[in-house]
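Enquirer: Dumping the structure here so I can ask a few things about it.
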Amino acid sequence: MGKEYRIPSGLTLMKAMEYAGYRYTRGAGCRAGFCGACATIYRLKDDYKLKSALACQTTVDDGMYLVQLPFTPANKKKYDMENLNIAHNALLKEYPEIARCISCNSCTKVCPQELKVMDYVQASLRGDIEKAADLSFDCVQCGLCAFRCPAEITQYHVGQLARRLNGKFVTPKALHTEEAVVKLNSGVSKQEISKLKVLKLDEIKELYKKRSIE
Amino acid sequence: MKLIKGYPESMRESIEKVEKTREKRLKEKYNQMSLEERDDVLNKFHPDYKPEVKRTLSAGPSKGEIVPSEVADLIESYPLISEKDIDISNIDYDVDLLIIGGGGAGTMAGIWAAYEGIDPDDILMTTKLRHGDSNSIMAQGGIQAADKANDAPEIHYLDVIGGGHFANDPELVEALVSDGPAIIKWFEGKGVMFDKQKDGTMITIHGGGTSRKRMHSAKDYTGMELLRVIRDEFINLSIPAVEFSPAIELLMDDKGQVAGAVLFNIETHQYYVVRAKATVMATGGFGRLHIQGFPTTNHYGATADGLAMAYRCGARLRDMDSVQYHPTGAAFPEQIVGLLITEKVRGLGAQPLDKNGEMFVHPLEPRDVESAAFIKECYGTGGGVETPTGMQGVWLDSPMIDMIKGEGVTERELSAMYRMFKRFDINMVEDPILVFPTLHYQNGGVVIDANGATEIKGLFAGGEVTGGVHGKNRLMGNSLLDYSVFGKRAGISAARYAKKASIGKLTLSHVTKYSEQLRKAGAPESRKSPMILPEYRGKNVLSRAIDIF
Ligand SMILES: Cc1cc2nc3c(=O)[nH]c(=O)nc-3n(C[C@H](O)[C@H](O)[C@H](O)COP(=O)(O)OP(=O)(O)OC[C@H]3O[C@@H](n4cnc5c(N)ncnc54)[C@H](O)[C@@H]3O)c2cc1C
Ligand code: SF4
Ligand code: SF4
Ligand code: FES
Chain A
73 MGKEYRIPSG LTLMKAMEYA GYRYTRGAGC RAGFCGACAT IYRLKDDYKL
123 KSALACQTTV DDGMYLVQLP FTPANKKKYD MENLNIAHNA LLKEYPEIAR
173 CISCNSCTKV CPQELKVMDY VQASLRGDIE KAADLSFDCV QCGLCAFRCP
223 AEITQYHVGQ LARRLNGKFV TPKALHTEEA VVKLNSGVSK QEISKLKVLK
273 LDEIKELYKK RSIE
Chain B
36 MKLIKGYPES MRESIEKVEK TREKRLKEKY NQMSLEERDD VLNKFHPDYK
86 PEVKRTLSAG PSKGEIVPSE VADLIESYPL ISEKDIDISN IDYDVDLLII
136 GGGGAGTMAG IWAAYEGIDP DDILMTTKLR HGDSNSIMAQ GGIQAADKAN
186 DAPEIHYLDV IGGGHFANDP ELVEALVSDG PAIIKWFEGK GVMFDKQKDG
236 TMITIHGGGT SRKRMHSAKD YTGMELLRVI RDEFINLSIP AVEFSPAIEL
286 LMDDKGQVAG AVLFNIETHQ YYVVRAKATV MATGGFGRLH IQGFPTTNHY
336 GATADGLAMA YRCGARLRDM DSVQYHPTGA AFPEQIVGLL ITEKVRGLGA
386 QPLDKNGEMF VHPLEPRDVE SAAFIKECYG TGGGVETPTG MQGVWLDSPM
436 IDMIKGEGVT ERELSAMYRM FKRFDINMVE DPILVFPTLH YQNGGVVIDA
486 NGATEIKGLF AGGEVTGGVH GKNRLMGNSL LDYSVFGKRA GISAARYAKK
536 ASIGKLTLSH VTKYSEQLRK AGAPESRKSP MILPEYRGKN VLSRAIDIF
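As structure tokens, then:
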């Protein structure tokens, strides 16, 4: 941050920043590794490597020189899921820039979730939706990959579309869910619930105690 | 301190005992408690059953209701702004529908209001941090819905009511369970990657207090997967959202309707006036109030702003006396204390154990019962494991999961948990993890009807900010369903209302009136709310901070 601070060891970067007096208005969301708001890059003393981390999930180190990145600007395509065509690589159509990937692997190296980002970009390029969806599943959308990419690809948006296509078109539908909806429309449950709703406290307690657990 | 694979030597001794009892425990069956036994442990050990940590509200529509002291302090607070500070005649946004909060409930409300025919340009979402920074994105375990052959909404209904100690609003529970299957189908159609078998059958498991396996999940990133998809959908519909601009007060009109809000840009400190025909409150819960000093699983902005704002307009609160502590917050290492260990870990077979490696409670009691049993073990019977910082916890025997469910299941289905511990050199496939209850959920909240309407005209609400759905205790997986069902219902109702409503002259007089009531009740003037962000800066620093520009 351009200043030197002495911080008790063992604090996360986020807690260390607060200890040092910084109040977060940006760069903090879930504080638990799920939202990607706290993307941070740093260098260690005498090490030329630029490293990356989630500030809420990484502990401070001696001589750490860091900056928190605001969210990387990125264009998200707008699409109507109903009208996408997976037979003609919908990923490439929406995000043609994935063809510019030069396989430099910078995205994979920077990913704080340790995802194989380049591999899911490559899978997207091939139209392998399932693979792209699977490899990108744990993405917290921190934006670090897009920040580093020389080809200006916004990987996490590509991954998002791949997962939605996979969930909607590739994986088989759950028939029992469909059936449950149809059954509900028949009104049987409504009747059963109406009966439960008017029960006295003692009666419903009795029913609850006696319910079978499967 | 020397660590061996993430744990200090002192804790390693206890881990060895855990390993010794594992074979035996794999075969044993452990019974659930009777309702009487549950009551006993709750009364003696649950933090919520201590009367001295709560007090009655002394002003406003729920005067006389018992709430935690921290909540009372927030509710009995003066507004951050007054009528003379703000020029409400100068309107920055004039919309049909204002949605306050960018978590699950708010996002669903926006989508369904647009489906209901409101032009996206006439909708505005405002949120405190980024769109999606919320409790909704953090949910791990899953979402309940009765959509399997051996299940039905009426069975789900009974589980919800029993889990909620029979205090729930039956109409709300009916809406919750009846909309469940269609919600899951809708999510599936939007492209949510639920955990499924090859033929498409949803993989569902038990949660604490469920009588059927109806917990749907997407690994242990369920909340993230749902929210990513609905946020994507929301953006595709071109609904405008302003980030980093929390609402700090609701506006009303001279006809007694809620008519928008005053927003505050947390970076430029500028205010904006929004006039809206209908307003949906979706600000989530109160974890960051740190009730009774507990650590919390909640996101940074969970400071119950919506409660404070709605209350000043006359909205009643219910069931605020009950607070949910999640039994399994991380208790070691120090850096992640309080963060959630999803209930799915127990759902998949991990058992809670004392320091000698013995099981002392069924793994899947309702959350409050399970929490009370953990606290009893640590502070009642002395069976807890002590960490180097003096904290107590009990083991959760996570290596059992791969033993029961097959190798690789933990890494695959609990990748977030696995990753979280791995970052601190702990491998939960080889070693158990240490847990202790953590503040998790606001059971009560603003009173709504089954359509998501509050008792104040023009104000709708859905999600964790509301009360009644879960009674005095929520079961796992019912809150993602709650925000989906009531976010949707509130969005639709608000859209219908907005089509007919006409707004009178804007006013903040309700705020002035409430302040007068507070003064009469003797509330100290120094108290202000909403809180917006909790204060975590170092005391040393704050003692030398000055405000000069
Ligand atoms: C770690 C964790 C795990 C969980 N796991 C599960 C689970 O497995 N299953 C389950 O069913 N439930 C789970 N829950 C509970 C569930 O996630 C939440 O209760 C639910 O998502 C709440 O949704 P919501 O939309 O009401 O609130 P939130 O998602 O919290 O959204 C509230 C939004 O309002 C915004 N906001 C707050 N104040 C203001 C203001 N003044 N102005 C504008 N915006 C504001 C916030 O920034 C946020 O965007 C979990 C919760 C946590 C914290
Ligand atoms: S894939 Fe990109 S956006 Fe996703 S977590 Fe990795 S670096 Fe962040
Ligand atoms: S950083 Fe960009 S160009 Fe390099 S491998 Fe990743 S996607 Fe390809
Ligand atoms: S604050 Fe959400 S990932 Fe760090």
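Here the protein sequences line up with chains A and B, keeping their order.
Its first residue numbered 73, the first sequence is counted upward by one per residue in the numbering used here.
Its first residue numbered 36, the second sequence is counted upward by one per residue in the numbering used here.
Backbone N, C-alpha and C define an ideal beta-carbon position, used for all residues, glycine too.
(1) Name the chain A residues that come within less than 7 Å of residue 374/B, Cβ to Cβ?
(2) Between the C-alpha atoms of residue 266/A and residue 210/B, what's the straight-line distance to the nearest angstrom?
(3) Report back the beta-carbon spacing between residue 497/B and residue 487/B to the nearest angstrom; my notes put them in contact at under 8 Å.
(4) Let me confirm a value: residue 230/A is counted as buried when at least 16 other C-beta atoms fall within 10 Å, else exposed. Which label applies?
(5) Figure out for me which residue from 150/B, 534/B, 139/B, 224/B has the closest Cα to the Cα of residue 165/B.
(6) With DSSP run on the structure shown, which of helix, strand or coil describes residue 124/B?
(7) Do residue 171/B and residue 262/B have their C-beta atoms closer together than 7 Å?
(8) State yes or no: is the C-beta of residue 472/B within less than 7 Å of the C-beta of residue 409/B?
(9) Specify the secondary structure class of residue 564/B as computed by DSSP and reduced to three states.
(10) Could I get the ranges of all uninterrupted alpha helix (DSSP H) runs contained in the stretch 173-236 of chain B, with 4 residues as the minimum, in chain order?
(11) Which residues of chain E have a Cβ atom closer than 9 Å to the Cβ of residue 226/A, listed in chain order?
(12) Which same chain residues end up closer than 8 Å to residue 174/A when comparing Cβ atoms and leaving out the 5 residues on each side of it in sequence?
(13) Taking the alpha helix (DSSP H) that residue 191/A falls in, what are its first and last residues?
(14) If contacts are defined as beta-carbon pairs under 8 Å, then residue 157/B and residue 193/B qualify, I think. What distance do you get, rounded to the angstrom?
(15) Over what stretch of residues does the beta strand (DSSP E) that includes residue 160/B continue unbroken?
(16) Where does residue 176/A land, buried or exposed, given buried means 16+ other C-beta within 10 angstroms?
(17) Would you kindly check if the distance between the Cβ of residue 215/B and the Cβ of residue 474/B is under 7 Å?
(18) Which residue comes first and which comes last in the beta strand (DSSP E) that contains residue 434/B?
(19) Anything in chain B within Cβ reach of residue 237/A, meaning under 8 Å, just list it in chain order.
(20) With H, G and I counted as helix, E and B as strand and the rest as coil, what does DSSP make of residue 292/B?
(21) Let me know the secondary structure DSSP gives residue 227/A once reduced to three states.
(22) Starting from the Cα of residue 249/B, find the closest Cα among 510/B, 534/B, 110/B and give me that residue.
(23) Let me confirm a value: residue 499/B is counted as buried when at least 16 other C-beta atoms fall within 10 Å, else exposed. Which label applies?
(24) Tell me the residue span of the alpha helix (DSSP H) that contains residue 537/B.
(25) Could you tell me which residues DSSP pairs with residue 168/A in its beta bridges?
(26) Taking the beta carbon of residue 23/B as the centre, do at least 16 other beta carbons fall within 10 Å, making it buried, or is it exposed?
(27) Within the same chain, show all residues whose beta-carbon is closer than 7 Å to that of residue 445/B, passing over the 5 residues directly before and after it, in chain order.
(28) Within 10 Å of its beta-carbon, does residue 119/A have 16 or more other beta-carbons around it, so buried, or fewer, so exposed?
(29) Which value, in whole angstroms, describes the spacing of the CA atoms of residue 417/B and residue 80/B?
(30) What are the boundary residues of the alpha helix (DSSP H) that residue 86/A is part of?
(31) Since residue 344/B and residue 284/B are thought to touch, with beta carbons under 8 Å apart, how far apart are those beta carbons, to the nearest angstrom?
(32) For residue 253/A, which residues of its own chain have a beta-carbon under 6 Å away from its beta-carbon, when the five flanking residues on both sides are left out?
(33) Does ligand 1 have even one heavy atom less than 6 Å from the beta-carbon of residue 175/B?
(34) Just how far apart, CA to CA, sit residue 226/B and residue 274/A?
(35) Show which residues of chain A have a CB atom less than 9 Å away from the CB atom of residue 455/B.
(36) Could you tell me the alpha carbon to alpha carbon distance between residue 46/A and residue 306/B, rounded to whole angstroms?
Expert: So, from the listed chains and residues:
(1) Against residue 374/B, the close residues of chain A are 104, in the order they occur along the chain (beta-carbon pairs closer than 7 Å).
(2) Approximately 12 Å between the Cα atoms of the pair.
(3) That belief holds up - the Cβ atoms of residue 497/B and residue 487/B are roughly 5 Å apart, short of 8 Å.
(4) So residue 230/A ends up on the buried side.
(5) Closest by alpha carbon: 139/B.
(6) Here DSSP, grouped into helix, strand and coil, assigns residue 124/B to coil.
(7) Contact flag set, yes.
(8) Contact: yes.
(9) Here residue 564/B sits in strand by DSSP.
(10) Counting whole runs of 4 or more residues, the stretch 173-236 of chain B contains the alpha helix (DSSP H) stretches 188-198, 205-225.
(11) Absence of chain E from the displayed structure is noted, the protein chains being A and B.
(12) These residues qualify, in order along the chain: 222, 223.
(13) The continuous alpha helix (DSSP H) containing residue 191/A extends over residues 189-198.
(14) Going by Cβ atoms, the distance from residue 157/B to residue 193/B rounds to 42 Å, so no, they are not a contact pair.
(15) For residue 160/B, the enclosing beta strand (DSSP E) covers residues 158-161.
(16) Classification of residue 176/A: exposed, given that the 10 Å Cβ count is below 16.
(17) If you check the CB distance, residue 474/B and residue 215/B do not come in under 7 Å.
(18) Careful: residue 434/B lies outside any beta strand (DSSP E), inside the alpha helix (DSSP H) at 434-440.
(19) Those are 226, listed as they occur along chain B.
(20) Residue 292/B falls in the coil class under three-state DSSP.
(21) Reduced to three states, the DSSP call for residue 227/A is helix.
(22) Scanning 510/B, 534/B, 110/B for the CA closest to the CA of residue 249/B turns up 510/B.
(23) Classification for residue 499/B: buried.
(24) Element bounds for residue 537/B: n/a, residue is neither H nor E.
(25) Residue 168/A is not bridged by DSSP to any residue.
(26) Residue 23/B lies beyond the range of chain B shown here (36 to 584); nothing can be said about it.
(27) For residue 445/B, where only same-chain residues beyond five positions count, the Cβ hits under 7 Å are 433, 436, 437, 453, 463, 464.
(28) By the neighbour-count definition (other C-beta atoms within 10 Å, threshold 16), residue 119/A is an exposed residue.
(29) Computed Cα separation, rounded: 13 Å.
(30) First-last of the alpha helix (DSSP H) with residue 86/A: 85-91.
(31) Going by Cβ atoms, the distance from residue 344/B to residue 284/B rounds to 6 Å, so yes, they are a contact pair.
(32) The beta carbon of residue 253/A lies closer than 6 Å to none in the same chain, with the five residues before and after it left out.
(33) Yes, the beta carbon of residue 175/B sits closer than 6 Å to at least one heavy atom of ligand 1.
(34) Their backbone Cα atoms lie some 43 Å apart in a straight line.
(35) For residue 455/B, the C-beta contacts it makes with chain A under 9 Å involve 104, 105, 129, in order along the chain.
(36) The structure shown does not extend to residue 46/A, since chain A is modelled only from 73 through 286, so no value can be given for it.
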